[in-house]
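Visitor: Got a structure here, written out as structure tokens. Questions coming.
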Amino acid sequence: MDLQEKVKRVQEFRLIDDVFFEVFAEDIPACQEIIRTILEDPELIVHDVIVQSSRRNLYGRSVRLDALCSLGDGTKCNIEVQRSDRDDHLKRARFNASSITVRESGSGERFEDILELYIIYISEFDFLKGGLTTYHIDKVIRENGEVVDDGLHEIFVNTAVDDGSSIAGLMSCFTRKEVTNREFPAVTRRFQELKSEGGADAVCEIMERYLKEGRLEAQREERIRAIQNMIDLEIPKEKILKKYSPEEYQEAEALLMATV
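Its first residue numbered 1, the sequence shown is counted upward by one per residue in my numbering.
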């Protein structure tokens, strides 16, 4: 594929497309602008961003890290974009949050010191069907309606509903093939960079890598499902590990626990 073909192909991408967003999210100012808007905190600072393909991603492919951001106060914020409407989005977000919490917490760490984590889940559909652009999901004491803060904050945002808010304006940038929005200069700049000849190479490199990994990923998922079935059948762990790796077993076990 020559450069002109790459540029032409990249023109079809939107921010809601995970391959494009992953490359986009490597730009800290653009990520910061997105998080500031959704969390409604204009002073928020993003210090670092780790994306799925980064060598610093220690989570592997089992946890979707479109953009795991480290904020100025030590808080973590994971942004995930999702086009599919055929998934259990709530459980997906729960699994990723649990995995990040475990990975980022030191062994023997006191529970009161476990990290503060924000999950920003951007979808193309209003899967909660409430007619809202933004949903903040809190833990609430049923008996008195009091909100309980356990350090996990989940915000589900969609591109389908336009409520006239600044967040809805940002979401409109996620569904367009061309973005020029004065309200979001960092997002606009990064978007236009990636649509140019200079950015097309980076996007296509990630896309081609994912295509190559697709067959291996399908095989891996098949192995994980096999382990889950064996666990359900109460086959001893020692016997399972004769055929599968400890890492595969741990992933299968974690996925089963997330669906309990």
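We treat Cβ as the ideally placed atom computed from N, Cα and C, and that holds for glycine.
1) Judging by CA-CA distance, which residue of L128, E116, E40, R14 is the nearest neighbour of S165?
2) Just the Cα atoms here: how many angstroms apart are E193 and E178?
3) Please report the residue range of the alpha helix (DSSP H) in which N96 lies.
4) Please confirm if the region 153 to 163 is in contact with the region 125 to 143, defined as three or more CB-CB distances below 8 Å between the two stretches.
5) With H, G and I counted as helix, E and B as strand and the rest as coil, what does DSSP make of Y118?
6) Which residue from M257, A252, Q32, V148 puts its Cα closest to that of R225?
7) Could you tell me which residues DSSP puts in a beta bridge with A67?
8) Give me the Cα-Cα distance between R142 and L152, rounded to the nearest whole angstrom.
9) Pop quiz: Q219 and L256 are said to be a contact at Cβ under 8 Å. What is the actual Cβ separation, rounded to whole angstroms?
10) Spatial neighbours of K91 within its chain, please: C-beta separation below 7 Å, excluding the five flanking residues on both sides.
11) Is it true that the region 187 to 203 meets the region 5 to 14, where meeting means three or more beta-carbon pairs spaced less than 8 Å apart?
12) Who are the Cβ neighbours of V81 in its own chain at under 6 Å, not counting the five residues just before and after it?
13) For H89 and C31, I'd like the C-alpha separation in whole angstroms.
14) Leaving out the 5 sequence neighbours to the left and right, which residues in its chain are closer than 6 Å to V187 when beta-carbon positions are compared?
15) List the DSSP bridge partners of E154.
16) Bridge partners of V203, per DSSP?
17) If we call anything under 7 Å between Cβ atoms a contact, is I137 one with E154?
18) So what's D149 in DSSP terms, helix, strand or just coil?
19) Taking the alpha-carbon of F24 as reference, which of H47, E222, V51, E43 has the nearest alpha-carbon?
20) Counting only beta-carbon separations shorter than 7 Å, does D150 have a partner in chain B?
21) Can the beta-carbon of I79 be found closer than 7 Å to that of I120?
22) Going straight from the alpha carbon of E43 to that of D73, what length do you get?
23) Going by DSSP, what residues sit across from V49 in a beta bridge?
24) Give every residue of the same chain whose Cβ lies closer than 6 Å to the Cβ of M230, excluding the five residues on either side of it in the sequence, and list them in chain order.
25) On the premise that D27 lies in contact with R223, defined as a C-beta separation below 8 Å, what is that separation, rounded to the nearest angstrom?
26) I think H47 touches L71, with their Cβ atoms under 8 Å apart; what is that distance to the nearest whole Å?
Guide: Looking at the coordinates:
1) E40
2) 11 Å
3) 89 to 104
4) yes
5) strand
6) A252
7) I79
8) 18 Å
9) 20 Å between Cβ atoms; not a contact.
10) A258, T259
11) yes
12) I16, D18, F21, D66, I122
13) 22 Å
14) A30, E33, C173
15) I119, I137
16) Answer by DSSP bridge pairing: none, since V203 is not bridged.
17) yes
18) coil
19) V51
20) Looking at the structure shown, chain B is missing, and only one protein chain is on hand.
21) yes
22) 11 Å
23) C69
24) I240
25) That pair is no contact at about 35 Å.
26) 7 Å
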